[in-house]
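K.L.:
Just so you know, the sequence shown maps onto residues 0 to 285 in numbering that gives the first Met the number 0. The beta-carbon is built from N, C-alpha and C at its ideal position, and this holds for glycine as well. It should be emphasised that the depicted structure is a prediction, and the values quoted were computed from it without experimental measurement.
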Amino acid sequence: MNYSTLKELIELAENHDKKIFDIVQMVEAEQDFLSLEEVWDKMETSWRVMSHSIQKGLKNANPSVSGLSGGDAKKLSMSKPIYLSRELSEAVAMALGVAEINACMGKIVACPTAGSCGIVPAALTFAKKKHGYSEKEIISSLFTAAGIGIVCSINASISGAEGGCQAECGVAAAMASGALVELAGGSPSMVGDAVAICLTNQMGLVCDPVAGLVEIPCVQRNAGSLMQGILAAEQALAGVKSMIPVDEVIKAMQEVGEALPESLKETGEGGLASTPTGREMAKRLF
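1. For Lys-106, which residues from the same chain have a beta carbon less than 8 Å from its beta carbon, with the 5 sequence-adjacent residues on both sides left out?
2. Determine whether the beta carbon atoms of Ile-249 and Ala-145 lie at a separation below 7 Å.
3. Have a look at Phe-20 and Arg-278 and give me their C-alpha separation to the nearest angstrom.
4. Along the chain, where does the alpha helix (DSSP H) that runs through Lys-127 open and close?
5. State the DSSP-derived secondary structure class of Leu-79, mapped to helix, strand or coil.
6. Out of Val-205, Lys-135, Gly-238 and Leu-263, which has the shortest C-alpha to C-alpha gap to Leu-123?
7. Count the other C-beta atoms from every protein chain shown that fall within 10 angstroms of the C-beta of Asn-14, then say buried if there are 16 or more, exposed otherwise.
8. Which same chain residues, not among the five before or five after Ala-98, have their C-beta less than 7 Å away from its C-beta?
9. Under 7 Å between the Cβ atoms of Ala-72 and Leu-83?
10. Would the beta-carbon of Met-174 fall within 7 Å of that of Gly-203?
11. Report the three-state DSSP secondary structure of Lys-74 (helix, strand or coil).
12. Using the rule of at least 16 other Cβ atoms within 10 Å of the residue's Cβ for burial, across every protein chain shown, is Gly-3 buried or exposed?
13. Can you check DSSP and say which residues form a bridge with Cys-206?
14. Answer yes if the segment 21-29 comes into contact with the segment 175-186, meaning at least three C-beta pairs across the two stretches below 8 Å, and no otherwise.
15. Since I believe Gln-165 is in contact with Gly-256 (beta carbons under 8 Å), could you give me their beta-carbon distance rounded to a whole number of angstroms?
16. When every heavy atom of the ligand NAD is checked, does at least one fall within less than 6 Å of the C-beta of Ala-90?
17. Kindly indicate the opening and closing residues of the alpha helix (DSSP H) around Ala-144.
18. Let me make sure I understand the geometry here. Which of Val-91, Met-93 and Glu-261 has the alpha-carbon closest to that of Gly-287?
19. What distance in whole Å lies between the Cβ atoms of Ile-196 and Gln-234, which are believed to be in contact at a cut-off of 8 Å?
20. Going by Cα to Cα distance, which pick from Val-205, Ala-94 and Ser-176 is closest to Ser-273?
21. Could you give the distance in angstroms between the alpha-carbon of Thr-90 and the alpha-carbon of Arg-283?
22. Which of helix, strand or coil does DSSP assign to Ser-88?
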């Protein structure tokens, strides 16, 4: 049993009357010569680290070594929301917080990368708090997210240096979106639609870190991409379909990434990094 596209993964789930997470877990066990229990334990460990990074991120008031980030998650979590619900505001704060912990050299789970580490943990913690999902359900959904990330890594990229931030925060948002759909009882095909919608909305996102550090605009993009993931999940669960098949969307994302100039692929030479303020920050730091 194996898969390299979302279509194959969806069909395996449908043909075996399983959830996507079941297929991903079984394939992982087969490929790594591990038992299902051992694979589960590894994922459970990842979830523990994710949860800890969220708790730490919401309390963190310290700046990073560079001084470019830190403390914004705590500010948001302590403020009264004006437009968002309290739940969504807290979710955004969680995404910011985990990204800030990464910038402060704290322990996080690269999901799929360190630069996009806040999106999946925040989305799943938000869902757990809102609907009371069990730890088992949340860990199961991480396998769903992992399967989506694996397909994107095979057919496109999860590296900002190769494909821009669409490959990092974009893919992380898609992973979160698919996981949220399956958590809510959505079908495998709905998971595919959520991923397609999410990636469509993140298409072309560039990677332009100020001073070459994973802080500006990376931390804020974790928050924005989280919202894209939730939005795509909501649409898919309502029956909204992507008119472009998900694997074609992933292929398009790869082509867009290849077309981006090098200045917009983690070199710190374009986008926000090339603004007068961005260059001044880099000069002051280095």
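P.N.:
Checking against the coordinates, here is how it stands:
1. Val-48, His-51, Ser-52 and Ile-100
2. no
3. 44 Å
4. 118-130
5. Contrary to the premise, residue 79 reads as Lys rather than Leu in this sequence. Looking at Lys-79 - three-state DSSP - the assignment turns out to be coil, as it is neither helix nor strand.
6. Lys-135
7. exposed
8. Cys-116, Gly-117, Cys-217, Val-218 and Asn-221
9. no
10. no
11. helix
12. Inspection of the sequence shows that residue 3 is occupied by Ser rather than by Gly. Exposed: under 16 other Cβ atoms inside 10 Å.
13. Lys-264
14. no
15. 7 Å
16. Here there are no bound small molecules, and the ligand NAD is not part of this structure.
17. 134-154
18. Outside the displayed range of the chain (0 to 285) lies residue 287, so it cannot be described from this structure.
19. 6 Å
20. Val-205
21. The sequence given here has Ala at residue 90, not Thr. Their backbone Cα atoms lie some 33 Å apart in a straight line.
22. helix
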